[in-house]
Every structure is written in C-alpha cells, then in structure tokens.
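See below for the structure under consideration.
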Amino acid sequence: DGGITQSPKYLFRKEGQNVTLSCEQNLNHDAMYWYRQDPGQGLRLIYYSQIVNDFQKGDIAEGYSVSREKKESFPLTVTSAQKNPTAFYLCASTTAPGTGYNEQFFGPGTRLTVL
Amino acid sequence: QKEVEQNSGPLSVPEGAIASLNCTYSDRGSQSFFWYRQYSGKSPELIMFIYSNGDKEDGRFTAQLNKASQYVSLLIRDSQPSDSATYLCAVNNYGQNFVFGPGTRLSVLP
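Sequence order for the protein chains is B and E. 411 is the number that this note's numbering gives to position 67 of the first sequence; each next residue is one higher, with no gaps. 46 is the number that this note's numbering gives to position 43 of the second sequence; each next residue is one higher, with no gaps.
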C-alpha cells in the first residue's frame, strides 16, 4: 500500500529538548510539506521541499529545522527555540509540485505535547 | 498575504438535509480548489477538487466555483451523522503553495 507514514503518533517533549518527527512516503512524490495545526485552527506551513537536498521556509519556520536527504523522507526537528510547540503536526506530499493541479496527501499526524 | 476564509461554525443541520459550506479567497490568480474533511484527531482527507467555474458533482457532494466572485462552496446532500467533521477549504496558485482556510465544523443531528 502506498502512503505516508508519520512517527511517533504521540510525542512528549521536556523544556529545552529537541525532538524529531519522522515522515516517510512511498508514493514517489517529489514535494513534501510540514504543517502545524492548533486546536480549532487551520493548517500553517512550516517547511516544504520540492526536490532532494533543497527546502524552503514556510510561514512559521522559526524554531524548526528540516532535512531532505532522500526523496522518501522529510524529518522535522522541533528545537528548544520553539517556545510553544504543543500542536498537531501533519506531513503531506504531492506529485508535480508547482502545477497547482494535484492534491496534497496527508500522513496520520504526530501530536506533540510539551511537559 | 493570501487568505482563505471560512465560517468557523459550528454549522448544524438535521440528518437528511443539505449542508452548505462556503469559502472565499483573496488571490485572484488561484487555479485549483480543494475540499478536505477532517475528523477530530485525524488528518485531512480529500473529498473533492475543482478547477473550472461551475459545478462538479461526486455522489452526495457538489463543489461550486465562481472565480469572478472568488468563492467556492461545498454542498452535501442527504447529510448523515457520519458527515460530522471539520471541512477545510484549500486554494492553490500555479507554482505556489497551498493555502488552507481555518475550517468549518459541521454537525449533522440525528
């Protein structure tokens, strides 16, 4: 089955700790995205990558970092600089980035809570 | 700042009625429009997409697009309690990223 997997499903972070959220896709999609969703809110773009070894900041990149060493993988690190990281994190991918005619597919999400 | 606006709801309709969800967008260059359904605690799943002015039907769902008015809507006929969810409108411009609205919470009452 093709799809997007995210792990872990739930993650707890202590103050001052960096944590990494995993996102893997086997859809052969070129573009991958990270969104943050707060309760009752829409999706806000953190980072995106359209090709391997290249990524761009989204609207709320401060306190986050990413890498794209493989087409299938786009991990997100939430650093200690992110002061309010408690949220639901969604990874998405799409083929043919930039065409505007392809939907984004989402992973199941990771719920991050700061202790 | 490109924006997508939706009424946050909740929108309550009785079972079997038509639910009408609305979305407006600010970027006149927007090319493609998507409706996602999101159940509580779950990730969004695509319901419909529409690229051209007019109506597009898929089962109980109809998407309507009016680019001149910068307006897109989703109609759900014969609403079922299982349709109770948050519906996200997403807009995309050629070469740009998706912009999501805040979502409308729909409650279908048995």
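All C-beta atoms in this analysis are idealised placements derived from N, C-alpha and C, irrespective of residue type, glycine included.
Do residue j and residue i count as a contact pair if the criterion is CB distance below 8 Å?
{"i": "E/L24", "j": "E/S76", "result": "yes"}
{"i": "E/L109", "j": "E/L49", "result": "no"}
{"i": "B/Y392", "j": "E/N100", "result": "yes"}
{"i": "B/D374", "j": "B/L389", "result": "no"}
{"i": "E/Q67", "j": "E/E18", "result": "no"}
{"i": "E/F36", "j": "E/F52", "result": "yes"}
Taking the beta strand (DSSP E) that residue i falls in, what are its first and last residues?
{"i": "B/A431", "result": "431-438"}
{"i": "E/A66", "result": "64-69"}
{"i": "E/N10", "result": "First-last for E/N10: undefined, no H or E at that position."}
{"i": "E/V16", "result": "14-17"}
Which chain B residues are close to residue i, counting only those with a beta carbon under 9 Å from its beta carbon?
{"i": "E/F37", "result": "E447, Q448"}
{"i": "E/L77", "result": "Ordered by position in chain B, no residue passes the 9 Å Cβ test against E/L77, which lies about 15 Å from the chain."}
{"i": "E/L49", "result": "E447, Q448, F449, F450"}
Compute the beta-carbon to beta-carbon distance between residue i and residue j, rounded to the nearest angstrom, for a pair I have assumed lies under 8 Å.
{"i": "B/K353", "j": "B/P452", "result": "7 Å"}
{"i": "B/E416", "j": "B/Q369", "result": "6 Å"}
Since residue i meets chain B, which of its residues come closer than 8 Å, beta carbon to beta carbon?
{"i": "E/N100", "result": "Y377, L389, Y392, G402"}
{"i": "E/L91", "result": "G386, L387"}
Residue i versus chain E: which residues are under 7 Å apart at the beta carbon?
{"i": "B/G407", "result": "Neighbours of B/G407 on chain E: none; closest Cβ ~20 Å, over 7 Å."}
Just the chain B side, please: which residues come within less than 7 Å of residue i by C-beta, in chain order?
{"i": "E/S46", "result": "L434, F450, G451, P452, G453"}
{"i": "E/F52", "result": "E447"}
In the DSSP assignment, what are the bridge partners of residue i?
{"i": "E/D30", "result": "E/D30 pairs with nothing; no bridge assigned."}
{"i": "E/I50", "result": "Paired residues: none, contrary to the question."}
Taking residue i as the query, report the chain E residues whose CB atoms sit under 9 Å from its CB, ordered along the chain.
{"i": "B/Q385", "result": "P105, G106"}
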